[in-house]
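The sequence shown begins at 1 in our numbering and counts up by one. Have a look at the structure below, then the notes.
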Amino acid sequence: MLSRDDLHFRQIPLNQQQEQSYGETSISEVKPLSGKPRPKKRKSSKDDLLENYVSKGFWDDLKTGRWMLVPSSAFILMIVAPILYWNHKLLVQYGLLKPDTPNPFTYLLWVSGEQPNGTYTKSIYDFAFLAQHVIFWSFVRQFVTLHILRPMAIALGIKGNKIMRFLEQGYAVFYFTVLGTLGIFVMRGLPTWWYKTEYFWIDYPHKQMTWELKTYYLMQAAYWIQQTILLAAKIEKPRKDFRELVAHHIVTLWLIGWSYNIYLTYIGVSVFVTMDVSDIFLALAKCVNYVSEWASPPFFAFFVGVWTYFRHYLNIWILWSVYTQYQLIPEKERSRFAPQEDKWLDWWMKWQVFVPIFLLQLINLFWYFLIWRILIKAVFYNDLHDDRSDDEDEPEGTQTTGDKLKAQ
Numbered sequence: 001m002l003s004r005d006d007l008h009f010r011q012i013p014l015n016q017q018q019e020q021s022y023g024e025t026s027i028s029e030v031k032p033l034s035g036k037p038r039p040k041k042r043k044s045s046k047d048d049l050l051e052n053y054v055s056k057g058f059w060d061d062l063k064t065g066r067w068m069l070v071p072s073s074a075f076i077l078m079i080v081a082p083i084l085y086w087n088h089k090l091l092v093q094y095g096l097l098k099p100d101t102p103n104p105f106t107y108l109l110w111v112s113g114e115q116p117n118g119t120y121t122k123s124i125y126d127f128a129f130l131a132q133h134v135i136f137w138s139f140v141r142q143f144v145t146l147h148i149l150r151p152m153a154i155a156l157g158i159k160g161n162k163i164m165r166f167l168e169q170g171y172a173v174f175y176f177t178v179l180g181t182l183g184i185f186v187m188r189g190l191p192t193w194w195y196k197t198e199y200f201w202i203d204y205p206h207k208q209m210t211w212e213l214k215t216y217y218l219m220q221a222a223y224w225i226q227q228t229i230l231l232a233a234k235i236e237k238p239r240k241d242f243r244e245l246v247a248h249h250i251v252t253l254w255l256i257g258w259s260y261n262i263y264l265t266y267i268g269v270s271v272f273v274t275m276d277v278s279d280i281f282l283a284l285a286k287c288v289n290y291v292s293e294w295a296s297p298p299f300f301a302f303f304v305g306v307w308t309y310f311r312h313y314l315n316i317w318i319l320w321s322v323y324t325q326y327q328l329i330p331e332k333e334r335s336r337f338a339p340q341e342d343k344w345l346d347w348w349m350k351w352q353v354f355v356p357i358f359l360l361q362l363i364n365l366f367w368y369f370l371i372w373r374i375l376i377k378a379v380f381y382n383d384l385h386d387d388r389s390d391d392e393d394e395p396e397g398t399q400t401t402g403d404k405l406k407a408q
């Protein structure tokens with residue numbers, strides 16, 4: 001006769017009961033479960049990408065910085081200023097505020113420093129505009145990436161780690177096409193149109209800016225601040241030239257900040273155009289390569305020509321202007337450095353302008369060497385691969401901020 005304990009230990013596990021019909025189960029045939037957990041199915045890069053964009057709640061996203069990855073959270077943060085701006089308008093309209101009450105949220109949405117003649121000058125409120133538009137570019141980047149470029153990548157059959165690279169370069173095509181076009185438009189209205197470099201210096205200081213020039217300049221500054229944050233936080237997977245890219249961003253922000261502050265926006269616009277137009281074709285060539293390696297070489301060859309003209313010929317032309325035409329600045333405007341009096345140029349400031357552009361040129365020459373190496377490999381060895389990328393062999397233990405956020 002079986003004891004109660006015997007019956008307890010000879011019970012059939014539920015998962016084995018389903019495999020046998022009632023009345024046919026033999027106690028001797030029952031095997032204990034191994035107890036090993038079922039191995040988790042490895043997530044694909046597509047799943048990882050989607051997880052990066054999933055909100056964990058607005059306040060959590062805000063505290064962790066995840067809002068820069070999540071379009072919905074970035075959008076909520078972005079619309080706070082417009083809502084407050086229009087609420088203030090309604091309060092004035094319904095008589096709850098005096099009509100002459102300044103709207104403090106104006107500075108977040110629109111450039112400040114308007115003069116009676118309709119031009120604009122730099123203003124302390126420019127920092128408010130920059131902060132708002134860093135948020136704006138974060139939303140635009142993630143919205144374009146998730147809702148436009150990712151479906152496009154899937155439709156084009158791009159797989160694996162190449163999806164993320166395609167999204168990065170696709171966004172670069174979008175941004176530099178928009179800002180490159182705007183830069184040419186702004187430059188078209190300046191006396192410096194198509195690199196008449198003497199007008200960088202004639203009639204200096206150029207304190208008064210058109211609305212288009214000031215808006216364009218601050219939007220560029222906001223973009224580069226946002227990109228530097230992404231780079232520093234390693235939200236994007238680092239490339240082999242990560243250090244050079246960090247140096248490029250630092251020099252770029254240095255040039256933007258100083259050129260704006262000391263009234264050298266004319267030369268700043270010219271540098272922007274050389275960089276942005278060439279970046280359009282760099283990113284486009286890489287996107288084509290992710291889709292079809294066979295179709296990529298013609299695009300890449302055309303890009304090399306564009307890069308050579310804009311990044312080297314025109315940039316060296318700008319450097320030559322700094323070196324040889326700096327003396328065109330009226331003497332009284334280049335003989336005293338007194339920031340408290342809004343006087344910024346002295347003889348040594350020539351090198352303050354020259355050296356950062358020269359450093360930028362050295363970084364560009366480093367990339368130019370890599371570009372030619374890629375082109376030679378494509379022509380002679382049929383291998384068009386970006387030496388700066390680590391698409392297929394990310395080392396274990398290397399985590400982006402997106403990876404870390406997913407673990408939180």
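For glycine and all other residues, C-beta sits at the position ideal for the given N, C-alpha and C.
Around the beta-carbon of GLN327, fewer than 16 other beta-carbon atoms lie within 10 Å, marking it exposed. Of the candidates LEU90, THR192, SER335, ASP342, the residue whose Cα lies closest to the Cα of TRP348 is SER335.
The continuous alpha helix (DSSP H) containing ALA74 extends over residues 71–93. Between TRP317 and TYR195, the C-beta spacing is below 8 angstroms.
Spanning the alpha carbons of ASN103 and GLY95 requires a straight line of approximately 14 angstroms.
Straight through space, the alpha carbons of PRO71 and LEU218 are spaced by roughly 22 angstroms. By alpha-carbon distance to TYR125, the top candidate from VAL140, TRP137, LEU109 is LEU109. In the DSSP annotation of this structure, the continuous segment of the alpha helix (DSSP H) that includes ASP279 starts and ends at 265–291. Distances from the alpha-carbon of GLN340 to those of PRO298, ASN261, LYS286 put ASN261 closest. Contact between the region 297–308 and the region 174–183 is not established, with fewer than three Cβ pairs separated by less than 8 angstroms. Under the 8 angstroms Cβ criterion, the region 62–70 does not count as touching the region 113–128, having fewer than three qualifying pairs. For LEU345 and GLY170, the gap between their C-alpha atoms comes out near 40 angstroms.
For ILE256, the enclosing alpha helix (DSSP H) has its first and last residue at 242–261. Of the other Cβ atoms in all chains shown, fewer than 16 fall within 10 Å of the Cβ of GLN93; this residue is therefore exposed. If you look at MET68, you'll find it isn't in any alpha helix (DSSP H); DSSP assigns it neither H nor E. By the Cβ test, the region 182–192 is in contact with the region 269–276, since at least three Cβ pairs between them sit closer than 8 angstroms. Looking at the DSSP output, GLU212 sits in no beta bridge, so it has no partner there.
Here ARG150 is not near LEU130, since their CB atoms are 8 angstroms or more apart. Per DSSP, reduced to three states, the secondary structure at TYR171 is helical.
In the DSSP assignment, GLU114 is bridged to TYR120. Listed as beta-bridge partners of LYS343 by DSSP are ALA338.
PHE105 carries a coil assignment under DSSP once its states are collapsed to helix, strand and coil.
When rounded, the separation of the alpha-carbon atoms in TYR53 and THR101 is 40 angstroms. Taking C-beta separations shorter than 8 angstroms and ignoring five residues to either side along the sequence, the partners of ALA301 in its chain run LEU375, following chain order. Between TYR120 and VAL134, the beta carbon gap of about 20 angstroms keeps them out of contact (Cβ cut-off 8 angstroms).
Considering only PHE105, THR210, LYS89, the residue with the shortest C-alpha distance to GLU114 is THR210. Taking the CA atoms as reference points, THR228 sits about 17 angstroms from LYS240. Within the same chain, no residue comes within 6 angstroms of LEU264 by CB-CB distance, once the 5 residues on both sides are set aside. With respect to ASN364, ASN289 sits apart: the two C-beta atoms are not nearer than 8 angstroms.
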